[in-house]
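According to my numbering, the sequence shown holds residues 16 to 242 in order. We put the beta carbon where it would ideally sit given N, CA and C, even for glycine. Read through the structure below, which is laid out as structure tokens, and then see the notes.
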Amino acid sequence: MIDRRGFLFTAAGATASLATSGIFNTVQAKGRFELPPLPYKESALAPVISARTLSFHYGKHHRGYMNKLNKLIAGTPYAEMPLKEIITSTAGQEDKNAIFNNAAQFWNHTFYWNSLTPKGGGEPPATLKKRIVSSFGSIDACKQALKEAATGQFGSGWAWLVREGDTLKAVNTLNARVPFTRGMTPLLTIDVWEHAYYLDYQNRRAAYVEAVLDKRINWEFAAKNAD
16 MIDRRGFLFT AAGATASLAT SGIFNTVQAK GRFELPPLPY KESALAPVIS ARTLSFHYGK
76 HHRGYMNKLN KLIAGTPYAE MPLKEIITST AGQEDKNAIF NNAAQFWNHT FYWNSLTPKG
136 GGEPPATLKK RIVSSFGSID ACKQALKEAA TGQFGSGWAW LVREGDTLKA VNTLNARVPF
196 TRGMTPLLTI DVWEHAYYLD YQNRRAAYVE AVLDKRINWE FAAKNAD
């Protein structure tokens with residue numbers, strides 16, 4: 016078991032490489048978090064993810080987590096903390112569960128939008144491809160592992176491609192949980208909460224995951240986070 020001090024240390028180490036992506040640089044201002052802009056138009060991921068789904072998901076759910084987080088941390092020391100620090104300092108604390116859930120879901124969604132791209136899928140960059148082949152055996156095996164992580168997650172959660180040491184892995188997390196609190200560096204994620212796909216796919220989660228992996232996954236983003 017990791018004690019609180021060790022937990023914070025491993026979490027900080029695991030997230031260090033994510034600073035290179037810069038996607039969280041604009042989400043906090045004057046003690047409040049702000050909704051970062053999408054990296055593409057709401058219609059850009061169609062037909063894999065419709066503009067209607069993206070509008071609800073980003074405008075209602077992502078914004079909702081942000082609004083709840085801002086209310087929960089107003090007037091507390093958390094209002095001055097970076098988002099990752101809020102997550103790592105409240106993880107596993109029952110009395111801070113609401114703050115953790117909303118902070119983590121705000122982080123997860125911001126990361127998810129960047130894990131997708133209108134011209135996604137295809138082959139990863141050469142350096143990432145080499146690491147994937149080393150860890151999984153092939154790109155197809157990596158995609159299959161991600162699909163199994165996504166479809167095997169019972170109920171709401173997330174599927175992730177992560178780096179743990181020198182090895183890449185496909186893992187899933189329940190509800191709002193994030194891999195970096197377990198000492199792993201996230202490279203990309205797929206949201207498998209029903210609101211991410213139900214308007215377009217109903218209960219066909221596997222079809223949604225396959226379409227994302229084949230046509231919208233952002234390997235370039237993953238490659239940056241793997242460095």
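Since residue i contacts residue j with CB under 8 Å, what's their CB separation in whole angstroms?
i	j	result
W173	I205	7 Å
Y73	L60	Not a contact, Cβ separation roughly 11 Å.
L228	G152	Not quite, the Cβ-Cβ distance comes to about 16 Å (not below 8 Å), so this is no contact.
T200	R178	4 Å
Which same chain residues, not among the five before or five after residue i, have their C-beta less than 8 Å away from its C-beta?
i	result
S130	L203, T204, I205, I232, N233, F236, A237
L214	S65, R67, T68, F71
Buried or exposed for residue i, going by 16 or more other Cβ atoms inside 10 Å?
i	result
Q120	buried
L161	buried
N240	buried
Q168	buried
A185	buried
Kindly list the residues whose CB is nearer than 7 Å to the CB of residue i, restricted to its own chain and excluding five residues on each side of it in sequence; keep chain order.
i	result
K83	N117
T142	A238
A211	H72
K230	V63, G135, G136
Leaving out five residues on either side along the sequence, give the residues of the same chain with a beta carbon under 6 Å from the beta carbon of residue i.
i	result
E57	A66, L69, S70
A114	Checking the sequence shown, residue 114 turns out to be Ile, not Ala. Once the five neighbours on either side are set aside, the close Cβ partners of I114 are L87, T105.
Please determine whether the Cβ atom of residue i lies at a distance below 7 Å from any heavy atom of the ligand COA.
i	result
P133	Among the components of this structure there are no ligands whatsoever, and the ligand COA is therefore not found.
Taking only the alpha-carbon atoms, compute the straight-line gap between residue i and residue j and give it to the nearest angstrom.
i	j	result
S36	D242	Because S36 carries a pLDDT of 44, less than 50, the predicted location of this residue cannot be relied on, and no value is offered for it.
H76	W128	13 Å
A164	K158	10 Å
S246	G90	With the chain covering only 16 through 242, there is no way to say anything about residue 246.
M96	L176	27 Å
A156	K134	21 Å
Does the beta carbon of residue i sit closer than 8 Å to a beta carbon anywhere in chain C?
i	result
I154	Of the chains in the structure shown, none is chain C; there is only one protein chain.
message: My parser needs the alpha helix (DSSP H) runs of 4 or more residues fully inside the region 160–218; what are they?
response: DSSP runs (the alpha helix (DSSP H)) wholly in the region 160–218: 213–216.
task: Return the chain-ordered ranges of every alpha helix (DSSP H) run that is complete within the region 92–165 and spans a minimum of 4 residues.
output: With a minimum length of 4 residues, the continuous alpha helix (DSSP H) runs that stay inside the region 92–165 are 98–105, 112–130, 141–151.
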